[in-house]
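What follows is one structure encoded as structure tokens, with my remarks underneath.
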Amino acid sequence: MSNLSDVQLAALKAAQDILDNAGLSPLDLNTDLPSSHDVSPAASSVSVQQPVIPSPEVMAACYCPQPARLFTIDEIAQGCNKVNHETSVDAIIEHPLGVIVEYPQTGSAPGHAVAHIFHINPDPKSFIHPKSNLQYSLGDYHNGRQNAWCFLLKDPFGKSVLCSKLRTSCKGLKLCSARTDDCLPHDYVDRHSFNTTSPLSYSNSPQTEAQKEVFLKTLNFFCAVKDKGYSLSFESNPDDSTNELLMYHTSESADSDSDSESEFDVDALSSRRKWKRKMCKGNLVMHIDRFNQPFIQCKYFSMPTQHAHLVLRNLQEFDIPYLQALLENNQQCIFQFEEIARAHGYGPLAPCTFMASPVEQKQLCFKCFSSLLLRLEWKLADATPHWLVLDSGFMQELRCVLGWSPTIDFDPHLEDLHPSLGNLDHVR
Numbered sequence: 014m015s016n017l018s019d020v021q022l023a024a025l026k027a028a029q030d031i032l033d034n035a036g037l038s039p040l041d042l043n044t045d046l047p048s049s050h051d052v053s054p055a056a057s058s059v060s061v062q063q064p065v066i067p068s069p070e071v072m073a074a075c076y077c078p079q080p081a082r083l084f085t086i087d088e089i090a091q092g093c094n095k096v097n098h099e100t101s102v103d104a105i106i107e108h109p110l111g112v113i114v115e116y117p118q119t120g121s122a123p124g125h126a127v128a129h130i131f132h133i134n135p136d137p138k139s140f141i142h143p144k145s146n147l148q149y150s151l152g153d154y155h156n157g158r159q160n161a162w163c164f165l166l167k168d169p170f171g172k173s174v175l176c177s178k179l180r181t182s183c184k185g186l187k188l189c190s191a192r193t194d195d196c197l198p199h200d201y202v203d204r205h206s207f208n209t210t211s212p213l214s215y216s217n218s219p220q221t222e223a224q225k226e227v228f229l230k231t232l233n234f235f236c237a238v239k240d241k242g243y244s245l246s247f248e249s250n251p252d253d254s255t256n257e258l259l260m261y262h263t264s265e266s267a268d269s270d271s272d273s274e275s276e277f278d279v280d281a282l283s284s285r286r287k288w289k290r291k292m293c294k295g296n297l298v299m300h301i302d303r304f305n306q307p308f309i310q311c312k313y314f315s316m317p318t319q320h321a322h323l324v325l326r327n328l329q330e331f332d333i334p335y336l337q338a339l340l341e342n343n344q345q346c347i348f349q350f351e352e353i354a355r356a357h358g359y360g361p362l363a364p365c366t367f368m369a370s371p372v373e374q375k376q377l378c379f380k381c382f383s384s385l386l387l388r389l390e391w392k393l394a395d396a397t398p399h400w401l402v403l404d405s406g407f408m409q410e411l412r413c414v415l416g417w418s419p420t421i422d423f424d425p426h427l428e429d430l431h432p433s434l435g436n437l438d439h440v441r
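Its first residue numbered 14, the sequence shown is counted upward by one per residue in the numbering used here.
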């Protein structure tokens, strides 16, 4: 076995895994097997697919660090947890060469500190500061100086080394203030758990997706009318009772004649551009016409005089029962509709899962994605993000980088390389 090459050893390991998965052992190979001339041509043509290895950058991004090791009481007594004469830490973790850490472990309580030691390549051409890969927002840079002693870093002789000291604050991740799930701990999280727990996954059917679209359109319409009102198109002067419902917006300074502002001459005002759109916030009421079709109109609508107010008869795109409950402020009925929507992951009762999209990662996005683009050569001049995902050559290269098996019958997405590439504007 010692004379075998690395490739041969890997082949033996793969063969052993295949036997184990089939419930066999190497001893079963001594059983009577059909001779080579008995094997069918179809069976002889089948070849074992060699495992596809992802690129080093992708493998580095899949790194899942172990929890930091706490210093023991004896180590603390000996001062092994001191960074310098002023600063000490409670735990330490050492990362291998070339790995990517986007969400470093932090202290689980106020005053609890974790030290991270990264092994880096000293070559200036390939050096990337580990801080560039962090997804946490950093700010408040201060108290930086050169030639500061660090007791946690040792030279080959076991002595402390001089370092560049930079002190900054972690601003965390941008989350929605109404986010209700606390599944992501702030002290220990990795890329895999972040991607799997940040959005809520709902496997909705096409029918449910259609219901979602109608529900949201109905809710958006009601909210817009309730908040902004609706525009009026006058053909006659409204009476005094209606004047109280109008909201006027001047586009110029109030230096014109007050008498002209008090007059309600629509033609004169529009010609002089003194007024913008006239709005009404009257409550909407749902009625049924003689054809048994629902329609809504403003409560101030009156055919003889106030026919400038809203009348909407084309309600086919709305959820009529839900819209009627909203207009009538029927809280019990509204809750029933919104509870059904919440069960499918949408609506005002659904928990908010918004989290700011990950930012670009220097080590993975720049190196790996840029190399993929450079392989396009002359085609890169006319390339767009939408064109990339349709180009078979680029998709094949992306498969190789990600280490996707040829048996997978669908193409990867750019966000499979890194979540920040899911934003096509960012890719551009």
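Note that beta-carbon positions come from the ideal geometry of N, C-alpha and C, so glycine has one too. What you are looking at is a predicted structure, and each value in this text was computed from that prediction instead of being measured.
Buried or exposed: where does residue i fall if 16 or more other Cβ atoms within 10 Å of its Cβ makes it buried?
i, result
"Thr-231", "buried"
"Gln-148", "buried"
"His-426", "exposed"
"Ala-13", "No information on residue 13 is available, as it lies outside the stretch 14 to 441 that the chain covers here."
"Gln-220", "exposed"
"Ser-211", "Below a pLDDT of 50, predicted positions are generally treated as unreliable, and Ser-211, at 46, falls in that range; the measurement from the model is reported next regardless. With 16 or more other Cβ atoms within 10 Å, it is buried."
"Asn-327", "exposed"
"Leu-22", "exposed"
"Phe-348", "exposed"
"Leu-362", "exposed"
"Ala-27", "exposed"
"Asp-278", "For Asp-278, the predicted structure reports a pLDDT of 49, less than 50, and the residue's modelled location is therefore unreliable. A value from the coordinates is still provided. Asp-278 comes out exposed."
"Ala-354", "buried"
"Gln-29", "exposed"
"Gln-409", "exposed"
"Asn-146", "buried"
"Gln-118", "buried"
"Pro-169", "exposed"
"Ile-301", "exposed"
"Glu-222", "exposed"
"Ile-105", "buried"
"Leu-25", "exposed"
"Phe-140", "exposed"
"Glu-115", "buried"
"Arg-303", "exposed"
"Ala-81", "buried"
"Pro-393", "Reading off the sequence, residue 393 comes out as Leu, not Pro. So Leu-393 ends up on the exposed side."
"Glu-351", "buried"
"Asp-200", "exposed"
Under 8 Å, do residue i and residue j count as touching if we go by C-beta distance?
i, j, result
"Ser-1", "Leu-151", "No information on residue 1 is available, as it lies outside the stretch 14 to 441 that the chain covers here."
"Leu-325", "Phe-308", "yes"
"Ile-66", "Gly-416", "yes"
"Leu-179", "Gly-157", "yes"
"His-132", "His-108", "yes"
"Leu-385", "Phe-407", "yes"
"His-357", "Lys-225", "yes"
"Leu-389", "Ala-396", "yes"
"Leu-186", "Tyr-359", "no"
Quick check on this structure: which residue in the options has the alpha carbon closest to the alpha carbon of residue i?
i, options, result
"Phe-314", "Leu-297, Asp-103, Leu-229 and Asn-327", "Leu-297"
"Ala-126", "Phe-84, Lys-241, His-108 and Leu-229", "Phe-84"
"Pro-69", "Leu-110, Ala-128 and His-129", "Leu-110"
"Ala-128", "Ala-90, Phe-140, Gln-79 and Ser-101", "Ser-101"
"His-431", "Ile-113, Cys-176 and Ile-106", "Ile-113"
"Phe-235", "Phe-331, Val-71 and Leu-175", "Phe-331"
"Val-227", "Gly-171, Ile-333, Lys-239 and Leu-340", "Ile-333"
"Val-414", "Lys-392, Phe-382, Trp-400 and Leu-403", "Phe-382"
"Ile-86", "Leu-403, Asp-103, Ser-177 and Ile-133", "Asp-103"
"Asn-342", "Gln-306, Arg-303, Met-299 and Tyr-359", "Met-299"
"Ser-177", "Asn-160, Lys-184 and Leu-186", "Asn-160"
"Lys-184", "Gly-171, Asp-153, Lys-172 and Pro-398", "Asp-153"
"Gln-329", "Gln-306, Gln-344 and Lys-312", "Gln-306"
"Leu-340", "Asn-233, Gly-171 and Pro-398", "Asn-233"
"Ile-130", "Lys-138, Lys-144 and Gly-124", "Lys-144"
Spell out whether any CB of chain B is found under 8 Å from the CB atom of residue i.
i, result
"Val-127", "As a matter of chain content, chain B is missing from the structure shown, which is built from one protein chain."
Practice task
Could you tell me whether the stretch 79 to 97 touches the stretch 149 to 168, where touching means 3 or more Cβ pairs closer than 8 Å?
Solution key: Because the criterion of three Cβ pairs below 8 Å is met, the stretch 79 to 97 and the stretch 149 to 168 touch.
Handout entry: Cβ contact (3+ pairs, closer than 8 Å) linking the stretch 417 to 424 and the stretch 74 to 84
Key = With a cut-off of 8 Å, the stretch 74 to 84 and the stretch 417 to 424 do not count as touching, because too few Cβ pairs lie within range.
Problem - beta strand (DSSP E) segments (min. 3 residues) lying fully within the stretch 112 to 165 - result: You should have 127 to 131.
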